[in-house]
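The opening position of the sequence shown corresponds to residue 97 in the numbering used here, with each subsequent residue numbered one higher.
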Amino acid sequence: MHNYLTPNFNFAPMFPEHGQGSRVWDKNGQEYIDLAGGIAVNALGHCHPILIEALTAQAHKLWHISNIYTTQPAQELAQRLVKDTFAEQVFFCNSGAEANEAAFKLARKYARDHFAGTDKHEIIACVNGFHGRTLFTVSVGGQSKYSDDFAPLPGGIRHIPFNDVATLDAAVNDKTCAVVIEPIQGESGVLPANAEFLQAARKACDRHQALLIFDEVQTGMGRTGKLFAHQYYDVQPDIVSSAKALGCGIPIGAMLTTAKVGSSFTPGSHGSTFGGNPLACAVGCAAFDIINTPETMQNVLLQGEKLQAGLQELGTAMGVFSLVRGQGLLLGCVMSDEYKGRAAQLMQLALQHGVLVLVAGQNVLRLAPSLLLTDADLQAGLQRLKAAITAFVHN
Ligand SMILES: *Cc1c(COP(=O)(O)O)cnc(C)c1O
């Protein structure tokens with residue numbers, strides 16, 4: 097088939113046509129177990145009946161009305177996000193990059209509002225961090241391969257090694273307006289932050305009156321077994337970004353913050369045409385009410401443990417993984433020395449054997465399945481992955 101899209105994606109050699117729960121079928125009727133979840137987006141699997149109901153009910157009422165008005169679905173979703181978090185206010189947008197863009201712009205504006213004339217503008221971020229693909233977010237992201245080609249880049253950004261408390265302490269100063277951290281570095285290898293690093297970041301921000309931003313675009317909305325991953329640690333952020341699973345497949349992003357910080361987003365200072373549109377927010381509300389329950393969180397922890405154990409067993413038995421890490425249902429299998437840098441090849445073989453997985457960098461096979469993953473799908477997924485690994489090691 098001719099591809100009419102720009103060549104910035106390497107499309108897989110199959111054409112997905114429909115899905116149900118953790119299964120996907122291509123246009124030839126071939127079935128796949130989905131352990132990728134649309135890159136941690138399809139948190140409730142495909143075509144969840146309650147989400148279909150929410151989407152169609154709202155589709156009969158109001159799709160879009162512009163941000164000249166607020167709507168009940170937007171207020172209801174914001175209220176849910178505020179109720180169980182540190183936050184008091186929410187800004188809605190359409191993606192993770194936009195949620196981070198809003199966070200970084202708000203941090204700059206907050207510093208300008210409260211510390212005028214002090215040149216307090218620097219953003220401290222982590223090497224190998226990922227925050228999206230807009231020019232500001234690739235610049236804050238710590239992977240130069242995503243930003244170098246688009247120079248000149250925005251300034252006032254400094255990168256420190258992830259989990260390095262001493263460098264963090266030395267880097268944060270009175271010129272710092274914000275520190276941004278992913279509680280688990282997702283794109284670059286499913287690498288969890290240490291509690292000490294997150295706590296040190298809070299303290300350094302407090303010492304220098306900087307804002308602490310957690311990018312929870314991938315780790316949020318139940319992915320790790322809590323609503324947000326930072327809730328495992330005794331650390332209160334000033335801003336959290338969310339997207340991916342927030343709409344379970346409908347594009348929506350959110351920036352959560354306190355009333356004090358949020359007040360710097362004065363009328364007209366930032367905006368979005370589609371952000372908070374009633375269709376996306378109605379689906380977000382329905383998704384939230386399923387995700388944010390003890391039953392779903394319990395399933396994430398239980399299935400996460402089983403999946404991690406199963407992958408560890410496979411990895412050890414076949415010598416392909418040196419380590420399986422992550423939290424809840426965000427897992428990364430680190431390729432062993434013998435197969436170093438070949439995660440993408442294993443992902444392709446997995447596809448051939450009927451299971452969808454992801455990579456995170458060249459050396460980590462990443463899994464981010466539905467939070468409602470069943471035993472049957474988990475076992476079938478592992479079985480197919482085993483077949484793929486067998487083919488991989490005999491290759
Ligand atoms: C995916 C991701 C983003 C970017 O989200 P988009 O919706 O693709 O813009 C930002 N931060 C993290 C941690 C992510 O995983």
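Each residue gets a CB set at the ideal place from its N, CA and C atoms; glycine is no exception.
Given the structure is predicted, the values throughout are model-derived calculations rather than measurements.
Listed in chain order, the alpha helix (DSSP H) elements of length 4 or more contained wholly in the segment 287-349 are 291-304. Under the Cβ criterion (8 Å, minimum of three pairs), the segment 216-226 does not count as touching the segment 324-333. With respect to the 7 Å criterion, Q281 and N190 are not classified as neighbours on the basis of their beta carbons. With respect to D260, H304 sits apart: the two C-beta atoms are not nearer than 7 Å. The Cβ atoms of G252 and G349 lie no closer than 7 Å to each other. Look at R204 here: in three-state DSSP terms it is helix. In this chain, the beta strand (DSSP E) harbouring G115 covers P112 to Q116. The beta carbons of T167 and P374 sit closer together than 7 Å. Secondary-structure assignment with DSSP links F417 through a beta bridge to M431.
Taking C-beta atoms under 8 Å as the contact rule, N388 and D180 qualify, at a distance of about 6 Å. Here the alpha carbon of V357 sits roughly 39 Å from the alpha carbon of Q404. I335 is the residue among V489, I335, G237 and L231 whose C-alpha sits nearest the C-alpha of V186.
One thing to note: F488 has its Cβ no nearer than 7 Å to the Cβ of L454.
Take the alpha-carbon of T486 and the one of L131: they are about 18 Å apart.
Beta-bridge annotation (DSSP): D130 is paired with L452. Listed in chain order, the non-local C-beta contacts of K402 below 7 Å within the same chain comprise L474, local neighbours out to five positions each way being set aside. Separation of the CB atoms of L173 and G380 is rounded to 5 Å, and the pair is thereby assigned contact status at 8 Å. Cβ contact annotation for L158 (same chain, cutoff 6 Å, sequence separation greater than five): P374, in chain order. With a cutoff of 7 Å on beta-carbon distance, K205 and S368 are scored as not near each other.
At a Cβ-Cβ threshold of 7 Å, V178 and K340 do not count as neighbours. Unbroken alpha helix (DSSP H) stretches of 4 residues or longer found wholly inside the segment 253-281: 261-267, given in chain order.
For F187, the three-state secondary structure derived from DSSP is strand.
A direct Cα-to-Cα measurement between A195 and I161 gives close to 21 Å. Around the beta carbon of H114, a 10 Å sphere encloses fewer than 16 other beta carbons of the protein chains shown; the residue is thus reported as exposed. In the DSSP annotation of this structure, the continuous segment of the beta strand (DSSP E) that includes C222 starts and ends at E218 to C222. Membership of L463 in the beta strand (DSSP E) is indicated by the continuous run V460 to L463. In the three-state reduction of the DSSP assignment, Q479 falls in the helix class, which pools H, G and I. 7 Å or more divides the Cβ of G415 from the Cβ of R421. About 7 Å separates the CB atoms of G285 and N459; that is less than 8 Å, so the two are in contact.
It is roughly 18 Å from the alpha-carbon of A199 to the alpha-carbon of A325. By the beta-carbon neighbour count (other beta carbons within 10 angstroms, threshold 16), H156 is exposed.
With fewer than 16 other Cβ atoms from the protein chains shown falling within 10 Å of its own Cβ, T362 counts as exposed. Residue ranges of uninterrupted alpha helix (DSSP H) with 4 or more members, entirely inside the segment 144-173 and ordered along the chain, are 145-155. If you draw a straight line from the Cα of K436 to the Cα of F370, it is about 43 Å long.
Closest by C-alpha distance to R319, out of L307, F211 and S338, is S338.
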